[in-house]
Structures are given as structure tokens and as C-alpha cells.
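J.: If you count the sequence shown from 1, position 235 lands on 234 in numbering that gives the first Met the number 0, and the numbers rise without skipping.
Don't be surprised by glycine CBs; every beta carbon is placed ideally from N, CA and C.
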Amino acid sequence: MVRRKANPGFILLVDDVIQNLHMLTDMLKNQGHEVVIALNGKEALEKVDEKRPDLILLDIQMPGMNGYEVCEKIKDDEDTEDIPIIFLSALSDTKDIVKGFEVGGVDYVSKPFKYREVLARVESQLALAQQREEIEALREQDKQQFDTLSELRSKFLHGTVHDLKSPLTGMTLYAQKLRGMPPENKEEMEEVADGITSASRKMQRLVTDILDIAQIQIANQVRLIDLPVNPVVKDSVKNLKVIAESQKIDLSAHVPDETLSYPIDKNYFERMIDNLVSNAIKYTPDGGKVTVTMTIYDEGSFEIAVQDTGLGIPEDAIPNLFDAFYRVKKKEHASRAGSGLGLSMVQAIVEQHGGTIKVASVEGEGSTFTIYFPKI
């Protein structure tokens, strides 16, 4: 088994003997560590308050406050209790060593110092401390994912019950109608079958969107690969031209000729643009205009803006716009079919790509959704 080498750490040396401090400082700095020194217990506690060290090398025998007392004070503070402390001492009595562990020390180095021994013990404790931090970070990440999933579950249970009611009711009514229909009435039977198919597709889309948002938000499905962004934007807009034309909406794209490569998940990136543009088309009356503009900045960042001349969004609705299942409650907005998941999915995809999204809107004049992606 190969022992992991610790990253350089910030180490506090505490000793009342200047020669010891100089020797240890040179030894540790040569290994890339940042070192700060203290000549007594009081000064050591002040240094800990100024900047939290990753590791403390602490002499036991010092005038005034000895090393045991310093260690106890550090361990009594919840902000510093987990800082590893290695005791330094010429004392070799077993009871002195045991006392060091009892007050919270993690290791012990005897004087006179042995170069390799000191470095080995320092590296070992720094590596353990860094591993603890990484484990804690993973635990926090797991907790955040659990909280996200719990929140999503609550939202989705509420939202799906409401949104699935309509197609389920429709399918039930169609099935009842079909049951009492004479066999020779083929044309009407086909209409009923079409209704059932349409309702089932609506349910399928809703369930698919719910699962996709859950997967995106816990980062299990997004796979980022460096790809040219420009053609992805152009193709996404091109694929929606037919829908826009059917509603007499002028859909145009302004994409730079300069090619920009960026780490994206092509499928989800396309879906993000599709959802934004489809949303703009849906809420823009016939004869309106939807414009997609990509802007590349000198430092390698870029943004995509989707602007429409549609209904606009009431100011009080904007803070909730990206919430799952949220729909603007005004009559003209509610008349447009939708599950309220499109913008929630857009936000999830944007965040997994490291971007941010904002919206500016004037009711009755239109809206602009702008996605910004920083330089990687």
C-alpha cells in the first residue's frame, strides 16, 4: 500500500527555545509548508485566533502556560478542537506521554529531534487531517443531495398529483366511451384512440421531465466534453423554425462566426436552448418575434440571450419562475399548455454547466432570458 503524501500545510510551531524553532522552521519550509512560530502559550493561542493552522507542534515545558494547558484550551474551543497537535518534549516518562494523549494530543516527538521522524509524523497527521476534511466534504455533499432529493420529492408529489389528474381522467373517460361504442363506428373509435394516445404521451413527457430534473440536480447524468458551442446553438434554433413559422413568429439566431469550444453535455445543452426558445414561442402571440443571440467575450466566457415580444412576466412572478411546476397565474399565461417544469429544467442544466441565468421582463412587451457561462 502506497502512503498518501499530504499537501503542503499551514503549521504553528510553539517552543520557548529559539534554536528549536529555527531548526524546525527550516526543516518544514524545505518541504513546502507554511510556518508560523510562537514563543509561549499565550502567543500560541493568539496565533491560532489570527489564522487557524492545519497542524500544531507544541512544546510541553514552557514558562507560564505549559503545553498541556495550551492544548486543553484549544480542544475546549469548538472552532479549533479538531486541529491535530503533536507534542514536543525532552520528557520521556510514560506518564508524560500518556498525559499528552489524554489532553488531546495526537502524537509525540522526542528531543533532540530526528529529521526523518519529525517529517514522517508531520506528513502523517497532515494527510489524516486532509482526509478528514475530504470525508466531511463528501458527507456534506451527500447531505445536500439528500436534501435536494427530499425537496424535489415533496414538490413532485404535489405537482405530479395535480398534473397527472387531467390526462388520467381523460383516459378514463375515453375508455368508458370506447366501451359503450358500437363496433361499426370506426371513425369515432379512432378519435377516442387518438385521445387516449395524446393523454398517455402527456403523462410520459411529464414523468420523463421529472426524472430528468432529479438526475440533473444531483449531477448524475451530466457529462461535460469540450465541444464547439456555436453549431449547437444554431442547430437548436433551426430545429424550432417550423414551430415558429406555424405561429407566424419570426425566429432568428445571431451567432458569431468565431468558434468557441466549451465543456458541455451536448444533449442537455440542446435541451436547455430548446426549452428556452420553445417557451418564448409559446408565450409570444402570432406575428411576434423571438431572437437568440450568442455573445463571446475576450476572456473566453460567453452568454446566450433569448428575447421575445411576448406576454411578458408580472414582476411578482419572477422570483418563482424557475420553481418546479410553477405557472404564472394570469389568464393569458394559464391558457398556454405546459407542466411548469421547462424553466426549472433549464436552471438545473445551467447550474450543472457552471453558468447563471437571469430574466428581464416587461409585462405586455416581452421577456429576455440570459444565460452566462464563465471562462473555464
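Are the segment 125–139 and the segment 14–29 touching by the rule of at least three beta carbon pairs closer than 8 Å?
T.: At 8 Å Cβ cutoff, the stretches do not touch.
J.: What does the Cβ neighbour count give for G63, buried or exposed, with the cut at 16 atoms within 10 Å?
T.: Answer is exposed; the Cβ neighbour count stays below 16.
J.: If we call anything under 8 Å between Cβ atoms a contact, is P262 one with I224?
T.: Yes, the Cβ-Cβ distance between P262 and I224 is below 8 Å.
J.: So within the segment 221–277, which uninterrupted beta strand (DSSP E) runs reach at least 3 residues, ignoring any that extend past its ends?
T.: DSSP runs (the beta strand (DSSP E)) wholly in the segment 221–277: 224–227, 249–253, 260–263.
J.: Can you give the beta carbon distance from I84 to G103, rounded, assuming they're within the 8 Å contact cut?
T.: Confirmed, Cβ separation roughly 6 Å.
J.: How would you call Q351, buried or exposed, if buried means at least 16 neighbouring beta carbons within 10 angstroms?
T.: Buried, since its Cβ has 16 or more Cβ neighbours within 10 Å.
J.: I need the straight-line Cα distance from V289 to S251, nearest angstrom please.
T.: Going by the C-alpha atoms only, they are around 7 Å apart.
J.: Kindly identify the DSSP beta-bridge partner or partners of E33.
T.: According to DSSP, which records beta bridges pairwise, E33 is partnered with F9.
J.: Could you confirm whether any beta carbon from chain C is found closer than 8 Å to the beta carbon of M22?
T.: Absent from the structure: chain C. Only one protein chain is present.
J.: Measuring straight from C-alpha to C-alpha, what distance separates K41 and G8?
T.: Those two C-alpha atoms are separated by around 23 Å.
J.: Skipping 5 residues on each side, what residues in its chain have a beta carbon closer than 7 Å to that of K110?
T.: So the qualifying residues of the chain are L87, S88, A89.
J.: Taking Cβ to Cβ, would you say T292 is nearer than 8 Å to G365?
T.: Not a contact, by the Cβ cut-off of 8 Å.
J.: Could you pull the DSSP bridge partners for Q306 from this structure?
T.: Per DSSP, T290, T367.
J.: Within 10 angstroms of its Cβ, does N274 collect 16 or more other Cβ (buried), or is it exposed?
T.: Looking at its Cβ environment, which holds 16 or more other Cβ atoms inside 10 Å, N274 is buried.
J.: Determine the contact status of L11 and I59, defining contact as a CB-CB distance below 8 Å.
T.: No, they are not a contact pair.
J.: When the Cα of S245 is compared with those of V349, E71, G287, which residue comes out closest?
T.: If we check each option's Cα against that of S245, G287 comes out closest.
J.: Helix, strand or coil for L54 per DSSP?
T.: DSSP places L54 in strand when its eight states are reduced to three.
J.: Scan the segment 39–83 and note each continuous beta strand (DSSP E) run of 3 residues or more that stays entirely inside, going in chain order.
T.: List check, beta strand (DSSP E) in window: 54–58.
J.: When you compare each of Q124, M61, F268, M26 to P52 by their alpha carbons, which one comes out closest?
T.: That would be Q124, whose Cα lies nearest to the Cα of P52.
J.: What does the alpha-carbon distance come out to for the pair L20 and K74?
T.: Looking at the two C-alpha atoms, the distance is approximately 23 Å.
J.: Have a look at Y296 and D315 and give me their C-alpha separation to the nearest angstrom.
T.: Roughly 32 Å separates the two Cα atoms.
J.: Is it buried or exposed for F372, if we count other Cβ within 10 angstroms and need 16 for buried?
T.: Buried, since its Cβ has 16 or more Cβ neighbours within 10 Å.
J.: Go ahead and pull the three-state DSSP assignment for Y107.
T.: Strand, per DSSP.
J.: Let me make sure I understand the geometry here. Which of M188, K265, K28, V47 has the alpha-carbon closest to that of A451?
T.: The chain is shown from 0 up to 375; residue 451 falls before or after that span and cannot be answered.
J.: Cβ atoms of V305 and A347: under 8 Å apart, would you say?
T.: No.
J.: Are the CB atoms of K374 and G299 within a distance shorter than 8 Å?
T.: Cβ atoms of G299 and K374: closer than 8 Å.
J.: Which first and last residues belong to the beta strand (DSSP E) in which S300 is found?
T.: Looking at the DSSP string, S300 is not in any beta strand (DSSP E), and its letter there is neither H nor E.
J.: Are P227 and L259 touching if we call contact CB-CB under 8 Å?
T.: Yes, these two residues count as a Cβ contact at 8 Å.
J.: Within 10 angstroms of its Cβ, does N229 collect 16 or more other Cβ (buried), or is it exposed?
T.: Buried, by the Cβ-count rule.
J.: If you count every other CB in all the chains shown that lies within 10 Å of the CB of V34, and 16 or more means buried, which is it?
T.: So V34 ends up on the buried side.
J.: Mind checking whether V276 and S235 have CB atoms under 8 Å apart?
T.: Against a cut-off of 8 Å, the Cβ pair of S235 and V276 comes out as a contact.
J.: What residue does the beta strand (DSSP E) around I356 start on, and which one ends it?
T.: I356 -> beta strand (DSSP E) spans 355–361.
J.: Would K370 pass as a contact of E302 if the rule is Cβ separation under 8 Å?
T.: In the sequence under discussion, the amino acid at residue 370 is Ile, which differs from the Lys named in the question. Yes.
J.: With C-beta atoms as the reference, is V117 less than 8 Å away from M26?
T.: Yes, these two residues count as a Cβ contact at 8 Å.
J.: Taking the alpha helix (DSSP H) that K113 falls in, what are its first and last residues?
T.: Looking at the DSSP string, K113 is not in any alpha helix (DSSP H), and its letter there is neither H nor E.
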